[in-house]
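Chemist: To start, I am sharing the structure in question, which I have written as structure tokens.
Number of protein chains: 2
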Amino acid sequence: MALGKDYAFQDCSLARALEVVGERWTLLIIRDALYGVRRFSDFQARLDIPKAVLSARLQTLLEAGVLAKEGHEYALTSMGRELWPVVHTLGRWGERHLDSETCRIFLHAACGERLDIDGSCPSCGTPVPPEDVELRAGPGAVREDPVSRYLESPHRLLEPIRVS
Amino acid sequence: MALGKDYAFQDCSLARALEVVGERWTLLIIRDALYGVRRFSDFQARLDIPKAVLSARLQTLLEAGVLAKEGHEYALTSMGRELWPVVHTLGRWGERHLDSETCRIFLHAACGERLDIDGSCPSCGTPVPPEDVELRAGPGAVREDPVSRYLESPHRLLEPIRVS
């Protein structure tokens, strides 16, 4: 590991955060956990990574308190759910500047309005917590693994997905 | 490169965003650029990384349009400045859950209120763009490089810093 995982001499809470969520694939695991994925096999279906890498990332997230084990499942803690604005804002930034097609659309479930980039509802004017967000597939969603197929139907964030 | 840099089979704008900002050190470079750092030597003073790594990261950010060259300096584009909410929210998450001491405090320059976690001003009620944010050092700021010392005094985000 030429570059290591920590940022020992950075006196900065962003560096501390990146020590937990900054490794390759980790924010995509958190994305899927926000979508409702909880099983190892379902994370694996969505992410094309070796089991050993997925295990190591999940272990880091468990140790940091972002995920908690519930039986054989991995569930986001409240600390983990607080990463929703980061995942949403960074995804929308990517969509706006780097993407051609929208893959996921996030709506305020209560009123059906599409969330603003900052995660608030333009109609109700308040930040929408993830449990009140409805996820829909956009035209850019093309993966065909079982979890992605399940997500072709509208789905509430954090509502458990168990497909494989 | 066992894990590569792209996420080729992820049909997701978050994956596209992470291809640009997800490499190790990159978000810390963007953090410093938001603070006003523009010179290669000043980025180097703040980050303890080899020149080759810093060069490669800056090159990726130039190619993606996050940074633009202005003479010998690196300046954030509007696309780059839009990463402020991500940097702020993730840093505040780290402060809240992983840090003992606050290293940076972000105030709405117009009224002196500390920003909410979502980057808005609790007194004015609106999201505060980075150019209206005043940065102050907190008790956890202990680095002694020239840029960090400069940032011990209150400083407006994006206002150029040139110290080395």
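Protein sequence lines correspond, in order, to chains E and A. Going by our numbering, the final residue of the first sequence carries number 164, and the count climbs one at a time with no gaps. Going by our numbering, the final residue of the second sequence carries number 1164, and the count climbs one at a time with no gaps. Backbone N, C-alpha and C define an ideal beta-carbon position, used for all residues, glycine too.
#1: State whether the stretch 1078-1089 of chain A contacts the stretch 1044-1057 of chain A, with contact taken as three or more CB pairs (one from each stretch) at a distance under 8 angstroms.
#2: Would you say the stretch 150-161 of chain E touches the stretch 129-141 of chain E, given that touching needs at least three Cβ pairs under 8 angstroms?
#3: State the beta-bridge partners of K1069/A as determined by DSSP.
#4: What is the residue span of the alpha helix (DSSP H) that L1061/A lies within?
#5: Have a look at A8/E, C12/E, L76/E, G112/E and flag the residue whose alpha-carbon is nearest the alpha-carbon of L1151/A.
#6: Helix or strand or just coil, what does DSSP make of P85/E?
#7: Is G22/E near R1096/A, with beta carbons less than 8 angstroms apart?
#8: Only counting the same chain, and skipping five residues up and downstream in sequence, which positions put a Cβ closer than 8 angstroms to that of I1049/A?
#9: Could you check which residue in I30/E, A45/E, F40/E has the C-alpha nearest to that of S78/E?
#10: Can you find a heavy atom of the ligand COA that lies under 7 angstroms from the Cβ of S123/E?
#11: Does DSSP put E1101/A in a helix, a strand or coil?
#12: Where does the unbroken beta strand (DSSP E) through L14/E begin, and where does it stop?
#13: First and last residue of the beta strand (DSSP E) that includes R143/E?
#14: How would you list, in chain order, the residues of chain A whose beta-carbon sits under 7 angstroms from the beta-carbon of P127/E?
#15: To the nearest angstrom, how far is it from the Cα of P129/E to the Cα of R1162/A?
#16: Near E1019/A, which residues of its chain fall below 7 angstroms by C-beta distance, leaving aside the five closest residues on each side in sequence?
#17: Distance check for E70/E and R62/E, CA to CA, integer angstroms please.
#18: What would DSSP say about P1130/A, mapped onto helix, strand or coil?
#19: For E156/E, which beta-bridge partners are listed by DSSP?
#20: Is it true that the CB of L1047/A sits closer than 8 angstroms to the CB of L1058/A?
#21: Would you mind telling me which residues of chain A sit closer than 8 angstroms to V175/E, beta carbon to beta carbon, in chain order?
#22: Going along chain E in order, which residues have a C-beta closer than 7 angstroms to the C-beta of E1082/A?
#23: Report the residues of the stretch 1007-1024 of chain A with a CB closer than 9 angstroms to any CB of chain E, ordered along the chain.
#24: Distance, Cα to Cα, T1126/A vs G125/E?
#25: Would you identify the three-state DSSP class for R114/E, choosing helix, strand or coil?
#26: Opposite L1151/A in the DSSP bridges: which residues?
#27: Using the beta-carbon of each residue, which ones in chain E are nearer than 8 angstroms to H1165/A?
#28: Tell me where the alpha helix (DSSP H) around Y1007/A begins and ends.
#29: For F106/E, count the other beta carbons within 10 Å of its own beta carbon; 16 or more makes it buried, fewer makes it exposed. Which is it?
#30: Just checking my contact of W84/E with L1083/A at CB under 8 angstroms: how many whole Å lie between their CB atoms?
#31: Going by alpha carbons, who is nearest to S1164/A out of V1037/A, D1118/A, L1028/A?
#32: Please report whether the beta-carbon of H1097/A lies at a distance below 8 angstroms from any beta-carbon of chain E.
#33: Is there a Cβ from chain E that is less than 8 angstroms from the Cβ of G1140/A?
#34: Near T1060/A, what residues of its chain come up, given a Cβ to Cβ distance below 8 angstroms and the 5 sequence neighbours on each side ignored?
Modeler: Checking against the coordinates, here is how it stands:
#1: no
#2: yes
#3: According to DSSP, K1069/A bridges with Y1074/A.
#4: 1051-1064
#5: C12/E
#6: helix
#7: no
#8: W1025
#9: I30/E
#10: This structure lacks the ligand COA; in fact it carries no ligand of any kind.
#11: coil
#12: DSSP places L14/E in no beta strand (DSSP E) but in the uninterrupted alpha helix (DSSP H) bounded by 13-21.
#13: Counting along the chain, R143/E falls outside any beta strand (DSSP E), and DSSP gives it neither H nor E.
#14: D1118
#15: Cα-Cα distance, rounded: 41 angstroms.
#16: K1005, D1006, Y1007
#17: At residue 62/E the sequence reads Leu, which differs from the Arg that was named. Taking the straight line joining both Cα atoms gives about 11 angstroms.
#18: helix
#19: Per the sequence shown, residue 156/E should be read as Arg rather than Glu. Paired residue(s): E134/E.
#20: no
#21: Residue 175/E lies beyond the range of chain E shown here (1 to 164); nothing can be said about it.
#22: W93
#23: Y1007, A1008, F1009, Q1010, D1011, C1012, S1013, L1014, A1015, R1016, A1017, L1018, E1019, V1020, V1021, G1022, E1023, R1024
#24: 11 angstroms
#25: strand
#26: Answer is none; L1151/A lacks a bridge partner.
#27: Because chain A here runs from 1001 to 1164, residue 1165/A falls outside it and cannot be looked at.
#28: Segment: none, Y1007/A is in no alpha helix (DSSP H) and carries neither H nor E.
#29: buried
#30: Contact doesn't hold; Cβ gap of about 17 angstroms is too wide.
#31: V1037/A
#32: yes
#33: yes
#34: V1020, E1023, T1026
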